[in-house]
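Visitor: Heads up: the sequence shown begins at 16 in the numbering used here, then just goes up one per residue.
This is the structure I want to talk about, given as structure tokens.
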Amino acid sequence: MSKIAVIFGSGARIGQASAKKFLSAGYKVATVSRTPQTTSDDDLVHLTADLQDPSTIEPIFDQVQQRWGAPSVVVYNAYGMYPTGGNPLSAPINEFTKTLSANTISAYAAASASYKRNNQVAFFYTGNALNTTVMPTLVTLGVGKTASAHWIEAAAKSEQLRPARFYYIDQRNQAGAPAGNAVNGEAHADLFLKLAEQKEQGEPIVVFKA
């Protein structure tokens, strides 16, 4: 049975580092983003989707299933944010809705779709400190991170969903403060692979320093 990873959000740091890490570990890898990319590797494919639209999630899993089979690992690294400055109520409702979809609803759809195809899937969500820290300027991002942390914890605690595993990953700097823009892609990739190879559900909220 092939080892297959789907990575939503193929940015230069976490997304690309994770793709390389899982490829090196013998996985077939599908990366997903809104921007088309050309790939020439039999074990790597790039698929396009607008993750502000949750209806695009199911077709991604259909394409992966038809190509290789059911994913064993899903990394949700995509996000959306609308800057609100000092007024957290200033986001237009359509922008608030789009960011919530990218940060929470599409992630939930990805977890549901992957579990439906493989009840042993390991699901990882790239979080941050906003599930426990309130920053008014980042309210559109924080709402999504907080909501996702909640359903991920619920999924991790549900015996009905075992042996699948669900994790919210929060990198901090060496002082324990939020990593902010200094996220370490390699450190995330190493942690994703390490947890993917553990068959038991660990603590779902994983805070690590890098």
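All C-beta atoms, glycine included, are put in the ideal place defined by N, C-alpha and C.
All values derive from a computational prediction rather than experimental measurement.
1. Could you give the first and the last residue of the continuous alpha helix (DSSP H) run that contains Tyr130?
2. May I ask you to check if the CB of Ile22 is nearer than 7 Å to at least one heavy atom of the ligand MN?
3. Could you say if the region 16 to 27 and the region 82 to 93 meet the contact criterion of at least three C-beta pairs nearer than 8 Å?
4. Is it buried or exposed, Asp57, if we count other Cβ atoms within 10 angstroms and call 16 or more buried?
5. Jot down the residue ranges of each uninterrupted beta strand (DSSP E) in the region 158 to 213, minimum 3 residues, whole runs only, in chain order.
6. What number of angstroms, rounded off, separates the C-alpha of Val149 from the C-alpha of Ala225?
7. Could you tell me which residues DSSP puts in a beta bridge with Thr54?
8. Is Val154 helix, strand or coil when you go by DSSP?
9. Asn188 and Ala179 look like a contact to me (Cβ under 8 Å); what is the Cβ gap, rounded to whole Å?
10. Where Lys43 and Pro103 are concerned, what is the direct C-alpha to C-alpha distance, given to the nearest angstrom?
11. Under a three-way DSSP split, which group does Val221 fall into?
12. For Ala45, which of helix, strand or coil comes out of DSSP?
13. Report yes or no: do the region 95 to 113 and the region 137 to 157 share at least 3 C-beta pairs separated by less than 8 Å?
14. Under 6 Å Cβ to Cβ from Thr112, same chain only, skipping five residues before and after it: list those, please.
15. May I have the straight-line CA-CA distance separating Ser121 from Ser127, to the nearest angstrom?
16. Taking 8 Å as the limit between beta carbons, can you name the residues of its chain near Tyr97, skipping five residues before and five after?
17. Consult DSSP for Leu62 and reduce its assignment to one of helix, strand or coil.
18. Comparing C-alpha positions only, which one of Thr71, Glu73, Gln78 and Val222 sits nearest to Asn143?
19. Quick one: residues in its chain with C-beta nearer than 7 Å to the C-beta of Leu208, no 5 flanking neighbours on either side, listed in chain order?
20. Do Asp68 and Ser116 have their CB atoms nearer than 8 Å?
21. Distance, Cα to Cα, Glu73 vs Ala34?
Guide: On the basis of the supplied data:
1. Here residue 130 is taken as the residue at index 115 of the sequence shown, counted from 1. For Tyr130, the uninterrupted alpha helix (DSSP H) run begins and ends at Ser121 to Arg132, by DSSP.
2. The ligand MN is absent from the structure shown, which contains no ligands of any kind.
3. In short, these stretches touch, since the Cβ pair count reaches three.
4. Numbered from 1 along the sequence shown, position 42 holds the residue referred to as residue 57. Asp57 should be labelled exposed.
5. Within the region 158 to 213, the beta strand (DSSP E) runs of at least 3 residues that lie entirely inside it are, in chain order, 180 to 187.
6. As a position in the sequence shown, residue 149 is number 134, starting the count at 1. As a position in the sequence shown, residue 225 is number 210, starting the count at 1. About 22 Å.
7. Along the sequence shown, one-based indexing puts residue 54 at 39. Note: Thr54 sits in no beta bridge, so no partner.
8. Here the question's residue 154 lines up with position 139 in the sequence shown. Residue state, collapsed to three classes: helix.
9. Start at 1 with the first residue of the sequence shown, and residue 188 comes out as number 173. Start at 1 with the first residue of the sequence shown, and residue 179 comes out as number 164. Asn188 to Ala179, Cβ: 31 Å. No contact.
10. On the sequence shown, residue 43 is found 28 positions in, with the first residue counted as 1. On the sequence shown, residue 103 is found 88 positions in, with the first residue counted as 1. CA-to-CA, the gap between Lys43 and Pro103 works out to about 41 Å.
11. The residue given as residue 221 occupies position 206 in the sequence shown. DSSP places Val221 in strand when its eight states are reduced to three.
12. Here residue 45 refers to the residue found at position 30 of the sequence shown. Assignment of Ala45 by DSSP, reduced to helix, strand and coil, places it in the strand class.
13. Yes: the two stretches touch, three or more of their Cβ pairs being nearer than 8 Å.
14. The sequence position of residue 112 within the sequence shown is 97, counting from 1. Take Thr112, set aside five residues on each side of it, and no residue of its chain has a beta-carbon closer than 6 Å to its own.
15. The residue given as residue 121 occupies position 106 in the sequence shown. The residue given as residue 127 occupies position 112 in the sequence shown. Looking at the two C-alpha atoms, the distance is approximately 10 Å.
16. Within the sequence shown, the letter at position 82 stands for residue 97. For Tyr97, where only same-chain residues beyond five positions count, the Cβ hits under 8 Å are Ala106, Pro107, Glu110, Phe111, Lys113, Thr114 and Thr155.
17. Translated into positions along the sequence shown, residue 62 becomes position 47. In this structure, Leu62 counts as strand in the three-state DSSP scheme.
18. Here residue 143 corresponds to residue number 128 of the sequence shown, with the count starting at 1. Per the Cα distances, Val222.
19. Here residue 208 refers to the residue found at position 193 of the sequence shown. Within its own chain, the residues whose Cβ lies closer than 7 Å to the Cβ of Leu208, once the five positions on either side in sequence are excluded, are Lys36, Phe37 and Ala40, listed in chain order.
20. Taking the first residue of the sequence shown as 1, we reach residue 68 at position 53. Taking the first residue of the sequence shown as 1, we reach residue 116 at position 101. Yes; because the gap between Cβ atoms is below 8 Å, this pair is in contact.
21. For the purposes of this step, residue 73 is taken as the residue at position 58 of the sequence shown. For the purposes of this step, residue 34 is taken as the residue at position 19 of the sequence shown. One Cα belongs to Glu73, the other to Ala34, and the distance between them is close to 21 Å.
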